[in-house]
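Protein chains in written order, with the numbering used here: chain A, 1112 to 1458; chain B, 3 to 291. All C-beta atoms in this analysis are idealised placements derived from N, C-alpha and C, irrespective of residue type, glycine included. Keep in mind the model is a prediction, meaning the values are calculated, not measured.
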Amino acid sequence: MKKFMALAIAFALSLSFVGCGDSSANESAGSTDQINNEASEQEHSDNDEKLKISIAQFAEHGSLDNCREGFIDGLKEEGFEEGKNIEIEYQNAQADMGAANQIAQNFVNDKADLICAIATPMAQACYNAADGTDIPVIYTAVTDPVAAELSNENKLSEKNATGTSDKLPVEQQLKMIRAFMPEAKKIGILYSTSEVNSETAIEQYKEKAGEYGFEIVESGVNQSADIPMAAADIASKVDCITNLTDNTIVSNLAVVLDAAEKASIPVFGSEIEQVKNGCVAAAGLDYIELGKLTGKMAASVLKNEKKANEIEYEVISQSNVYINSQALDKFNLSVPDDMKESVIEAE
Amino acid sequence: MAITLSILEQGLIYAVLALGVYITYKILDFPDLTVDSSFPLGAAVSAILITKGLNAYLCLIVSFLAGAAAGLTTGIIHVKFKVRDLLSGIITMTMLYSINLHIAGKANLPIFNSENIFSISPLKDYLGGFNTLFIIFLVVLAAKLVLDWYLKTKSGYLLRAVGDNPTLVTSLSKDNGTVKIIGLVIANALVSLSGAVMCQQQRFFEISMGTGAIVIGLASVIIGINLFKTASFLKPTTAVILGSVVYKACVAIAISFGLSATDMKLITGALFLAVLILGNLGKGKKSNA
């Protein structure tokens, strides 16, 4: 048994040394990209010609997946195509902070040519890991890059980083809700206390709500298990509920919708995926577009046109109104005449 | 080289946590779930004090004391109010979640633009890329030496006796409960210190960073104790530190071989189980012989 243990340790250790041996280990580190599993078999002479783009995503979630898809599309539009002149490696931390740090560190160790970090904690982990190297970090889906200390007030970063923000179009959302529900007074918002972006968004809502004649009623939850109670409680106090991009709440959207339906009030979403899943409407960002924009920023860094720290982070400004006709019917709501042309049916 | 460096950095940071878990799990035989919250507690305390401009090294001390207070709470709940060990840890852990949010003020507090124990190190210019590792190493070494020293004092002997043979402590007319509380205080102080170092290394506090900390701690202790139990020249504290590094190495290797985070917990659990089973097999043979 002792011998077996000794062998096991020796094996583990030797693996770790292979890992640090040279960049050829990167090939075996392999893209998790399903399509390209075969690519890891390729000789590593390819590696010299192809740029290595590493995508680190914090959690698996409709909007974030769309960001990633858009990012890859954006690169492609600028002439960087997977398998041709770039290799894409993708890792997802499944919302585990320890794994996020490890993934960021691995990408840096593997000497990626560029790291794309999706969502705030992942952006922070990559920003930290890449500090002291010349690897550019391009982040996306970071609500407030200044609050996350990824950028200065002037929208430029201290370090080799830039990206895009998915700040919620709060005003557009309030305007939309007013258009759909001219009589409504109180809007309920559920959020989880563990997500800093949600708190920022609530502050924005509170700031702007008055202008549109609304009052915001918020309720924070600590964990998924609290949502049924919190949702039922808030649904009894307000005229409608609006969602943020809060991961915990969005993952439990069905519970919120159920509670709202029992109180016969509608739930407005914050992006298209939520509308598809039963929210009546949303003034939402197009995350694919956000990803594309990010991909284009990455491309200009790869082409050496600009360094990442010379590019201001961008906030996507235009939003679309997505609707779910079935859900609207359920609550006897209809699309206001002046919006009929512009709304998009989410399906 | 880079991967080895990052494994050592991560492994040694968690080694401080593992030393804490070693006290509760191995010495006191106390399943202490406070750890999942005392780890981020140290991080929250460090992060907020750093943003307020306190010296980063002093932050470590304050974090250490905050962790001690968390351990004290669990200890009092268990010993004075006679709540079961597992439950007392869970209660403190739950309450600390809210307290951590209050301390940091929000769920994610970055300290990228502030000084930390690594950036203000006087040896930074000489050590270059090894600066971070060196500082972490010093923290671990200090924690280990102090703990080794403590376990040899009279109070330390009693601590070890409580786990092994509580009647002995009672027969020495010492209070079992007090000894347990002391153990929990030291353990959580170490865990919190580990969180403080982690936060300064990753340069942000995140409320979810404690999730699964107890698992990492237990895995490190079990791997360390079982793998190195034949190496009798190693103190258990050293074995635990090595265990933490081995554990982190396994995780890093798994990730760099493309294992997705989805499967990570499954693999961790399997590794855990394998080490335990192998350890028990060894024991069985010895007693049979």
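_Beta-carbon proximity list for GLU1458 (chain A), same chain, < 7 Å, skipping 5 on both sides_ = LYS1387
*Would you check if there are 3 or more beta carbon pairs closer than 8 Å linking the region 1435 to 1444 of chain A to the region 106 to 119 of chain B?*
no
*Is SER1142 (chain A) buried or exposed, if buried means 16 or more other CB atoms sit within 10 Å of its CB?*
Note that SER1142 (chain A) scores 39 on pLDDT, short of 50, meaning its location in the model is unreliable; the coordinates nonetheless yield the value given after this. With 16 or more Cβ atoms within 10 Å of its Cβ, SER1142 (chain A) is classed as buried.
*Report all residues from its chain with a CB closer than 7 Å to the CB of ALA163 (chain B); omit the five preceding and five following residues, and keep chain order.*
LEU170, VAL171
*By Cβ distance below 6 Å, which residues in the same chain neighbour MET1112 (chain A) in space, the five residues on each side in sequence not counted?*
Any reading at MET1112 (chain A) must be qualified, since the residue scores a pLDDT of 46, below 50, and its modelled position is unreliable; the value itself is stated next. Taken in chain order, the list of residues that qualify is empty.
*asked:* Rounded to the nearest angstrom, what separates LEU30 (chain B) and LEU220 (chain B) at their Cα positions?
replied: 14 Å
*Assign PRO1377 (chain A) to buried or exposed, taking buried as 16 or more other Cβ atoms, counted over all protein chains shown, within 10 Å of its Cβ.*
buried
*Would you check if the region 82 to 96 of chain B and the region 233 to 242 of chain B touch, i.e. whether three or more CB-CB distances between them fall below 8 Å?*
no
*Identify the continuous alpha helix (DSSP H) that holds TYR1433 (chain A) and give its terminal residues.*
Unbroken run through TYR1433 (chain A) is the beta strand (DSSP E), 1431 to 1434; no alpha helix (DSSP H).
*asked:* Starting from GLU1329 (chain A), trace the beta strand (DSSP E) in both directions and tell me its first and last residue.
replied: 1326 to 1332
*CB-CB under 6 Å to LYS1403 (chain A), same chain, minus the five flanking residues each way: which ones, in chain order?*
GLY1181, ASP1184, GLY1185
_Contained beta strand (DSSP E) runs [length at least 3] in the region 1201 to 1268 of chain A, N- to C-terminal order_ = 1225 to 1229, 1248 to 1251
*Whose C-beta lies closer than 8 Å to the C-beta of PRO1447 (chain A) among residues of the same chain, with five residues either side of it excluded?*
ALA1290, PHE1291
*According to a CB-to-CB cut-off of less than 7 Å, which residues of the region 1303 to 1322 of chain A neighbour chain B?*
THR1304, SER1305, GLU1306, VAL1307, GLU1310
*Contacting positions in the region 195 to 211 of chain B - beta carbon closer than 9 Å to chain A*: MET200, GLN203, GLN204, ARG205, PHE206, GLU208, ILE209, SER210, MET211
_Let me see if you follow: with CB-CB separation under 8 Å, is ASN115 (chain B) close to chain A or not?_
yes
*Contacts that LYS108 (chain B) makes with chain A (C-beta to C-beta distance below 8 Å)*: VAL1307, GLU1310
*Verify the CB distance criterion: does TYR1238 (chain A) have a CB-CB separation below 8 Å to chain B?*
yes
*asked:* Tell me the DSSP secondary structure of PRO42 (chain B) in three-state form.
replied: helix
*With a cut-off of 8 Å, does the C-beta of ASN1203 (chain A) fall near any C-beta of chain B?*
yes
_Rounded straight-line distance, which links the Cα of GLU208 (chain B) to that of ASP166 (chain B)_ = 37 Å
*Give a yes or no on whether the minimum CB-CB distance between ASP224 (chain B) and chain A is below 8 Å.*
In the sequence on display, residue 224 (chain B) carries Ile and not Asp. Chain A, which has no Cβ nearer than 8 Å to the Cβ of ILE224 (chain B), makes this no.
*Give a yes or no on whether 8 Å exceeds the smallest Cβ distance from MET266 (chain B) to chain A.*
yes
*CB-CB under 6 Å to PHE136 (chain B), same chain, minus the five flanking residues each way: which ones, in chain order?*
LEU129
*Would you say ASN1358 (chain A) and SER8 (chain B) are within 8 Å of each other, going by their C-beta atoms?*
no
*Near-chain B residues of the region 1242 to 1261 of chain A (beta-carbon distance less than 7 Å), N- to C-terminal order*: ALA1259, GLU1260
*Pull up the DSSP beta-bridge partners for TYR1302 (chain A), would you.*
A:GLY1331
*With a Cβ-Cβ cutoff of 8 Å, do THR1273 (chain A) and ASN1415 (chain A) count as a contact?*
no
_For the alpha helix (DSSP H) containing GLY245 (chain B), name the first residue and the last one._
238 to 258
*Among B:ALA276, B:ALA215, B:LEU280, which residue has its Cα nearest to the Cα of ASP1207 (chain A)?*
B:ALA215
_Using beta carbons (cut-off 8 Å, strictly below), is VAL81 (chain B) in contact with chain A?_
no
*Alpha carbon to alpha carbon, how far is LEU1225 (chain A) from PHE1191 (chain A)? Give it in angstroms, no decimals.*
12 Å
_Only counting the same chain, and skipping five residues up and downstream in sequence, which positions put a Cβ closer than 6 Å to that of GLY179 (chain B)?_
VAL81
*With 16 other CB atoms within 10 Å as the buried threshold, where does ILE279 (chain B) fall?*
exposed
*Say whether chain A places a C-beta atom closer than 8 Å to the C-beta of ILE137 (chain B).*
no
*By how many angstroms is the C-alpha of ASN1308 (chain A) removed from the C-alpha of VAL1328 (chain A)?*
17 Å
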